[in-house]
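Numbering (the working numbering), first residue to last: 5 to 625. Built from N, CA and C at the ideal position, the CB exists for glycine as well. Take a look at the structure below.
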Amino acid sequence: MLWRLLIKLSFALTLLFFDESLSIDSLGVGYKGGVARWNQGVAESHFVAIASDSIWTWEVEPNQNLAPGTLARLGSVFIPGAEVATFLEGAEVMFDGSDSTAFDPDLFNDRFGVERSSAIYIDLGATFSIDRIRLYPRLDSEHKTLFPRSFQLSTNGGIDGEGLIEDGNILDRHFEHVFNYYDSNPNREPVVEKRFESRFVRFVRLQVRSDQPWEIAELQIFSDGVNVPAEYVSIPMFAHKGPRPLWGRVRYDGGEISELPITIQTRTGIDSNPLHYFRFTGIAGDQERVSYADYVRLDSIEKGPISLNPDWTQWETVTDAKVASSNGNPYIQFRLLINGPGVVIKRLIFEYLVPPISSGLEAEISPIEVQAGEPTPFVISLQTKMRNRQSDGLILSDEDTGFSSMRILTAARIDAIDKIFIDDREVDFTSRKDSDQGNVIRLRRPVVQDGTFIQIFFRAAVFRDATKFDVQVSDSRWIDGRPITVYQSAFEQDVDPISLGGSLVVRLLQREGLLPLLGGVRPKSRVFSPNNDGLNDIFFLDFNLLKITSPIHIDFEVFSSNQLVPIRIEKKMLFAGSHRLIWNGFDDAGRLVSPGIYVYRVRFQADGGNTDYYGTLGVVH
Numbered sequence: 005m006l007w008r009l010l011i012k013l014s015f016a017l018t019l020l021f022f023d024e025s026l027s028i029d030s031l032g033v034g035y036k037g038g039v040a041r042w043n044q045g046v047a048e049s050h051f052v053a054i055a056s057d058s059i060w061t062w063e064v065e066p067n068q069n070l071a072p073g074t075l076a077r078l079g080s081v082f083i084p085g086a087e088v089a090t091f092l093e094g095a096e097v098m099f100d101g102s103d104s105t106a107f108d109p110d111l112f113n114d115r116f117g118v119e120r121s122s123a124i125y126i127d128l129g130a131t132f133s134i135d136r137i138r139l140y141p142r143l144d145s146e147h148k149t150l151f152p153r154s155f156q157l158s159t160n161g162g163i164d165g166e167g168l169i170e171d172g173n174i175l176d177r178h179f180e181h182v183f184n185y186y187d188s189n190p191n192r193e194p195v196v197e198k199r200f201e202s203r204f205v206r207f208v209r210l211q212v213r214s215d216q217p218w219e220i221a222e223l224q225i226f227s228d229g230v231n232v233p234a235e236y237v238s239i240p241m242f243a244h245k246g247p248r249p250l251w252g253r254v255r256y257d258g259g260e261i262s263e264l265p266i267t268i269q270t271r272t273g274i275d276s277n278p279l280h281y282f283r284f285t286g287i288a289g290d291q292e293r294v295s296y297a298d299y300v301r302l303d304s305i306e307k308g309p310i311s312l313n314p315d316w317t318q319w320e321t322v323t324d325a326k327v328a329s330s331n332g333n334p335y336i337q338f339r340l341l342i343n344g345p346g347v348v349i350k351r352l353i354f355e356y357l358v359p360p361i362s363s364g365l366e367a368e369i370s371p372i373e374v375q376a377g378e379p380t381p382f383v384i385s386l387q388t389k390m391r392n393r394q395s396d397g398l399i400l401s402d403e404d405t406g407f408s409s410m411r412i413l414t415a416a417r418i419d420a421i422d423k424i425f426i427d428d429r430e431v432d433f434t435s436r437k438d439s440d441q442g443n444v445i446r447l448r449r450p451v452v453q454d455g456t457f458i459q460i461f462f463r464a465a466v467f468r469d470a471t472k473f474d475v476q477v478s479d480s481r482w483i484d485g486r487p488i489t490v491y492q493s494a495f496e497q498d499v500d501p502i503s504l505g506g507s508l509v510v511r512l513l514q515r516e517g518l519l520p521l522l523g524g525v526r527p528k529s530r531v532f533s534p535n536n537d538g539l540n541d542i543f544f545l546d547f548n549l550l551k552i553t554s555p556i557h558i559d560f561e562v563f564s565s566n567q568l569v570p571i572r573i574e575k576k577m578l579f580a581g582s583h584r585l586i587w588n589g590f591d592d593a594g595r596l597v598s599p600g601i602y603v604y605r606v607r608f609q610a611d612g613g614n615t616d617y618y619g620t621l622g623v624v625h
């Protein structure tokens, strides 16, 4: 009876403290996705197959004939019209894999109006890397002479937009020739084949110039075996009509996102138009904004620039399955980059929370230029925007929950959080360093007021140029019966009138000549005694690796003073930051070296060549 009572009490407490207004919702795409099917939610796609419940990439082999799979990929054979393309049902006999059937334009004249000189288009249903095409009629004695004599066959990659078949704009595409035979120099062979430098192909255009009877038994289009990375861009999706959403996790219905060879990027905005399109008016370079539908129908000379809507964020990569903060923007658009063949994506779910932590977070860092690797005092200034109401002296939030925790994520080395000011008053706080969570700061009292001005004073060393300091606030919520920590990032903005810049990116000061790669070189001692007595047994060389954005090769070599060949070599791949090289006094053969003077060299293999740093040390026993 006691355990039942405890369960009931626990349940009652959960209901008491759970706030139904702090809810989680989601947008999905795919089967029962809640917004759209994959084929309904696409704005643009390249090298990817699209169905209602999934998207996928093909795994192709070298010399694979891709034409027989055209219909399975939702491709087609068609004749483009002024407004609507005419799709030729039954014309797929030209790539059905049978030499006994053939496409004869005369058989399609009555039903579709196909002339012998009509331009026939084949849509493969996706773009592939192609290096060979072959075509021929039926090769029996009755039909082998019906091959086209004067004709042109050309291809288009189909990667400059999707959905252009049905509105007639296929006619505006640029096609590259494969075969081009004229009446003056006609084709004389029933089997025509050409190998060419690999090109992207989705559309194939065949136009016979003569009015003589002709047929195609098989049109074969061969892959070069290259599996091209695919891209899918969604339409903007609308989340919520009420409180502005705080975007959170991205989930994959079918496994973990981290297990897929994909990159997910998102951007958010306040309306359904992430891009602005402009038309040149023809008057002194003036331009006017037009809709996308009007823009694609403009002549090339009328098409003006395309720019990002200033009310939308830039593309940001999803990391740790979390969408970068959007300051509560209700529209989201995502882009998938699929980096492998044979990948199937089912349902993607984008979670969001209402209400947000803050309707707006703006921050900047000072200074924004420092010496590489030098410990430097910084200050991050943060200002909040809160939607709330006041009642009886208490702040009761309608939309924004506020926060009592912050964190700083950066590639720089933060040595200490010194002090925090809120509205020019120093406050109590605690901080801890977490390798995964960055530097976490917890305030004694929550921040709930609109326009709160926060300054974080800390010391850090920056090792590479353009280092970003991502400032986030967090809130703990009960979602689906379990606690979840949600984060919201601040956007760059000039919030401190005293400082300059309005940026969260720190640059390194440029020095004359080559940028140094090495700084802060600190040998522990110039002399060491590797005698295993526990005192000064090992040589340490500490240094900072500066101003690089990717790992570089490091060679640490030790020479005897009278030899040119190193007795000890250690190779490493190192990122920017603080590092330590160690030598225990043994050579590469495992022998303890003799007492004496030795030379060490640290060689950096970077884009500009090798850079060497030399020093000396003494070994005593």
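By the criterion of at least three beta-carbon pairs nearer than 8 Å, the region 614-625 is in contact with the region 531-544. Beta-bridge partners of Asn67 (DSSP): none assigned.
Per DSSP, reduced to three states, the secondary structure at Asn113 is helical.
Rounded to the nearest whole angstrom, the CA to CA distance from Leu264 to Trp42 is 18 Å. Approximately 4 Å separates the beta-carbon atoms of Pro360 and Leu250; this is inside 8 Å, confirming the contact. Inclusion of Trp482 and Phe543 in the CB contact set at 7 Å is not warranted, their separation being larger than that value. In the structure shown, the three-state DSSP call for Gly308 is strand. For Asp298, the enclosing alpha helix (DSSP H) stretches over residues Tyr296 to Tyr299. The C-alpha of Leu578 lies about 19 Å from the C-alpha of Arg572. In the structure shown, Ser478 falls within a strand segment according to DSSP collapsed to helix, strand and coil. DSSP places Phe200 inside the beta strand (DSSP E), whose first and last residues are Val196 to Val212. Gly523 carries a strand assignment under DSSP once its states are collapsed to helix, strand and coil. Distance between Ser408 and Pro334, taken at the CA atoms: about 25 Å.
In the DSSP assignment, the residues bridged to Asp616 are Arg607. Inclusion of Gln459 and Phe425 in the CB contact set at 7 Å is warranted, their separation being smaller than that value. Between the alpha carbons of Val490 and Asn231 lies a gap of roughly 38 Å. Following the DSSP letters along the chain, one finds Gln44 in no beta strand (DSSP E), marked with neither H nor E.
Of the candidates Ser439, Pro152, Arg436 and Arg293, the residue whose Cα lies closest to the Cα of Gln211 is Pro152.
Annotated as proximal: Ser493 and Asp474, with beta-carbon spacing under 7 Å. By the Cβ neighbour-count rule, Tyr618 is exposed, with fewer than 16 other Cβ atoms within 10 Å of its own. The way I'd put it, the region 224-244 does touch the region 340-347; three or more beta-carbon pairs between them come closer than 8 Å.
Secondary structure note for Asp546: its beta strand (DSSP E) is the uninterrupted segment Phe543 to Leu549.
Here Gly308 has Phe282, Arg283, Phe284 and Gln291 as same chain residues with Cβ atoms under 6 Å from its own Cβ, once five neighbours each way along the sequence are excluded. Collapsing the DSSP output to three states places Ser385 in a strand. Contact check between the region 311-320 and the region 264-280: three or more CB pairs, one atom from each, fall below 8 Å, which counts as touching. Ranked by Cα distance from Ser121, the first of Ser214, Val33, Glu201 and Pro501 is Ser214.
Asp479 is classed as buried because its beta carbon has at least 16 other beta carbons within 10 Å across all chains shown. Straight-line measurement puts the Cα of Arg511 at about 28 Å from the Cα of Lys389. DSSP, reduced to helix, strand and coil, places Leu302 outside both helices and strands of the structure shown, so it counts as coil.
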